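Numbers 1 to 284, taken from the working numbering, label the letters of the sequence shown in order. Single-structure report; data block below.
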Amino acid sequence: MLAWFHTLSTVLTGALILSIGLLVTTVAPFLVRRRLKLDPPEPVAKGAEESFKLFTSLTLLLLAFCLVRMQGDHRGTEDMVAREGTVIIKLDRAYASFGGDSGEQLRAGLAGYAKLVLDEEWPLLASGERGEKTGAAMMALSQASRQLEPKTPSQQVARSEILATFTQLSDLREARLSASRLKLPDYYWYAIACSMVLFTVFAWFQSPLPKLLAYVGGVTCGISLLLTILISTAGIFVGDSAVTYRPIARALSQITRAPPLAASPLTAPTTPAAAPAPTAPASR
């Protein structure tokens, strides 16, 4: 059911939930009680009103708690993807600092890996899966990075930075894949459903009818709004509010158009200055 809601836009989801909520808690009891001329006794109406307040508070508390939890997961995943894009740029700079043919080949491999993340792996995150080609590209990049053979002190420093940065990139990828499987536990959904069912039952016994329309209708609108936001954020990589790949796409665009870094004075080969050309003796 939740996956079906994620195929709809947030506006359509909110309109659907609000329409069903008002129909069940307000319109239906109003029409049934008016047509059958049913009016609960005053003690029953007062007891139902207190119970209605209790389950209204419980429903709002559950929705607010679950919303805070899912928003925290969303924010953490967004920060994680932003850090992943930053680490990709940092690793590209480290490869460029290493220099040589090996550095340029690794830069091209890193750009290919980032492109696979966007084209292959990102669509699979909605179902909590990982890209096989992306994993193979990372493994090849890892092996090539560890096989670098520095020849100068500056290349030794660059290799150390490459290995440390690559470890960060690998950890961030695994964390992103783990975040794709984050979801609200089922018992929270069961608790919300039970609370809303009891909330609806006691809403039918509100008296008089004009109070039912105004009081119950207003509470239903508020609960529908919170429920819509919770459903839209219940999927980390699905729906309108899904975490986007923009940080990684920006990193890819930067590393593909960045020119190679100029060789530093420590790594640039030094050539002896050309001797001045001998001057021809002056003719007498």
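All C-beta atoms, glycine included, are put in the ideal place defined by N, C-alpha and C. If you're wondering where the values come from, they're calculated on a predicted model, not measured in any experiment.
Check                                                                                                                                                                        : Outcome
Output the boundary residues of the alpha helix (DSSP H) element that contains I236.                                                                                         : First-last for I236: undefined, no H or E at that position.
With DSSP collapsed to three states, give me the class of D73.                                                                                                               : helix
According to DSSP, simplified to helix, strand and coil, what is R181?                                                                                                       : coil
Can you give the Cα-Cα distance for T165 and A82, rounded to whole angstroms?                                                                                                : 15 Å
Go ahead and label I20 buried or exposed: buried means 16 or more other beta carbons lie within 10 angstroms of its beta carbon, across all protein chains shown.            : exposed
Are at least three pairs of beta-carbons, each pair with one atom in the stretch 194-202 and one in the stretch 142-154, less than 8 Å apart?                                : no
Quick one: Cα of R246 to Cα of F30, how far?                                                                                                                                 : 49 Å
Using C-beta distances below 7 Å, list every residue in its chain close to R181, excluding the 5 sequence neighbours before and after it, in chain order.                    : G128
Over what stretch of residues does the alpha helix (DSSP H) that includes Q105 continue unbroken?                                                                            : G100 to L116
So, helix, strand or coil for S253, using DSSP?                                                                                                                              : helix
Can you tell me the Cα-Cα spacing of F65 and Y187, whole angstroms?                                                                                                          : 13 Å
Taking all protein chains shown into account, do 16 or more other C-beta atoms lie within 10 angstroms of the C-beta of I227, making it buried, or fewer, making it exposed? : Ile is not the amino acid found at residue 227; the sequence shown has Leu there. Looking at its Cβ environment, which holds 16 or more other Cβ atoms inside 10 Å, L227 is buried.
Leaving out five residues before and five after V243 in sequence, what residues of the same chain have Cβ atoms less than 7 Å from its Cβ?                                   : H74, T77, E78, V81, I236 and F237
Just the C-alpha distance for T10 and G109, rounded to the nearest angstrom, thanks.                                                                                         : 39 Å
May I have the straight-line CA-CA distance separating I162 from S97, to the nearest angstrom?                                                                               : 10 Å
Rounded to a whole number of angstroms, what is the C-alpha to C-alpha distance between L252 and Y215?                                                                       : 54 Å
Hey, could you find the ends of the alpha helix (DSSP H) S142 is sitting in?                                                                                                 : E132 to R146
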